[in-house]
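Structure first, commentary second.
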């Protein structure tokens, strides 16, 4: 009977450790989750030739970090973030889409404009 109690105790301890390690990973992992705020920046093609393939940039805000992703090879861009309630504007420069912006944004709407040095403009609104 003592052996069975020890086995049950060890199994319970292992289950407890496995559960707590998954909670640790969920709480401290910096990967985006379901609660990540996301918007898609669409290309502003006013006055340009029609394109057959739509191009866009996905914008993510999570835990004080703004990041971007695109299928296009976008480099050397200026990011303009405007708080729509106050009009306050922040401007950042990114060499490539792998870089992130550290910025604390409060609840509200922010107009995001990404301008590349080759003349492309992507715009969208991020709502937190």
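Residue numbers (my numbering): 837 to 964.
The beta carbon of each residue, even a glycine, is placed where N, CA and C say it ideally should be.
- Comparing C-alpha distances from residue 879 to each of 919, 962, 958 shows the shortest one belongs to 958.
- Secondary structure note for residue 899: it is in no beta strand (DSSP E), with a DSSP letter that is neither H nor E.
- The residue among 903, 847, 891 with its C-alpha nearest the C-alpha of residue 873 is 903.
- Apart from sequence neighbours up to five positions away, the residues of its chain that approach residue 938 with a beta-carbon distance below 7 Å are 900, 901, ordered along the chain.
- Taken through DSSP and simplified to helix, strand or coil, residue 954 comes out as coil.
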